[in-house]
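A quick write-up on the structure given underneath.
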Amino acid sequence: MGFGSIFNRKKKQRSLSNTPNLTASPAVPPNGSPFIRSPMRTPSRNFTQIQLKELEQVFQKFDVNGDGKISSSELGSIMGSLGQLPSEEELQKMIKEFDSDGDGFVSFEEFVELNTKGVDSEEVLENLKDAFSVYDIDGNGSISAEELQEVLKSLGDECSIAECRQMISGVDNDGDGMIDFEEFKVMMMAGAR
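Just so we're aligned, residue 3 is where the sequence shown starts under the numbering used here, counting upward by one.
Structural data, given as structure tokens:
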């Protein structure tokens, strides 16, 4: 089990001979964000302001105390909410795996590198749209508890409407009782289901 294993994303195989390791991203204008700096360097390609903002939103879910870095205890809390209960030793090992500056934490820059290395962002977005459409049965742009229950049932997972509502409440940022595509993206990037 590794820190990267909690992220549900599809990596595109890239040839080392035709892909540079580092390229600068487009400049991100000042937006009050404590994390997004200009220029942001990413390992595989240029990422847009929107993509970096989405990563920032996921990062902030991990960074519970808002200090700009992910500690082993914050990682443990998120993993616990995903049903995984690693030991403190395993958590430290996961942090160390991506802690390039050796401070014992994962910074936003390290988090971006972890989540963009070898990723084709357009392919990921298309995959997320396809997955969202499976759950959005009526095509109204939101996943209701009833739709979630129906899809889970078709996959062999018997959940009550109350359980589905509870799952939705964990990612329902706007409090409407449904999951819209933006909430779905954040959820999937965090590895939740």
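Quick reminder that beta carbons are idealized off the backbone N, C-alpha and C, glycines included.
{"Asked": "Three CB pairs or more closer than 8 Å across the stretch 134–154 and the stretch 87–106", "Found": "no"}
{"Asked": "Same chain, Cβ closer than 6 Å to PHE113, five either side skipped, listed in chain order", "Found": "PHE61"}
{"Asked": "Element boundaries [alpha helix (DSSP H), containing GLY78]", "Found": "74–83"}
{"Asked": "Distance, CYS166 Cα to ASP159 Cα", "Found": "11 Å"}
{"Asked": "Nearest residue (CA-CA) to GLU184, options ALA164, ILE145 and ASN67", "Found": "ILE145"}
{"Asked": "Integer Cβ distance of SER74 from GLU90, believed to fall under 8 Å", "Found": "7 Å"}
{"Asked": "Nearest residue (CA-CA) to MET180, options ASP69, PHE134, LEU93 and PHE110", "Found": "PHE134"}
{"Asked": "CA-to-CA distance, PHE64 to GLU58, given in whole angstroms", "Found": "10 Å"}
{"Asked": "Residue closest to LEU215, alpha-carbon to alpha-carbon, out of GLN51, LYS187, LEU54 and SER156", "Found": "For residue 215 there is no data in the structure shown, the boundaries of the chain being 3 and 195."}
{"Asked": "Best match in LEU87, GLY85 and LEU116 for proximity to PHE100 [C-alpha to C-alpha]", "Found": "LEU116"}
{"Asked": "Bridge-paired residues (DSSP) for LYS1", "Found": "Summary: the structure shown does not reach residue 1, with the chain confined to residues 3 through 195, and so no result is reported for it."}
{"Asked": "Exposure label - GLU124; buried when at least 16 CB within 10 Å", "Found": "exposed"}
{"Asked": "Integer Cβ distance of SER109 from GLY68, believed to fall under 8 Å", "Found": "So it is not a contact: roughly 13 Å between Cβ atoms."}
{"Asked": "Closest Cα partner of SER156 within the set VAL173, VAL136, GLY143 and ASP174", "Found": "VAL136"}
{"Asked": "For ILE72 and VAL66, the rounded distance between their alpha carbons", "Found": "8 Å"}
{"Asked": "Coil, strand or helix - ILE139 by DSSP", "Found": "coil"}
{"Asked": "Identity of the residues DSSP links to ASP174 by a beta bridge", "Found": "In the DSSP output, where bridge partners are listed per residue, ASP174 has none listed."}
{"Asked": "One or two residues paired with SER144 in a DSSP bridge", "Found": "ASP182"}
{"Asked": "6 Å Cβ shell around GLN94 - same chain, five flanking residues per side excluded", "Found": "SER74"}
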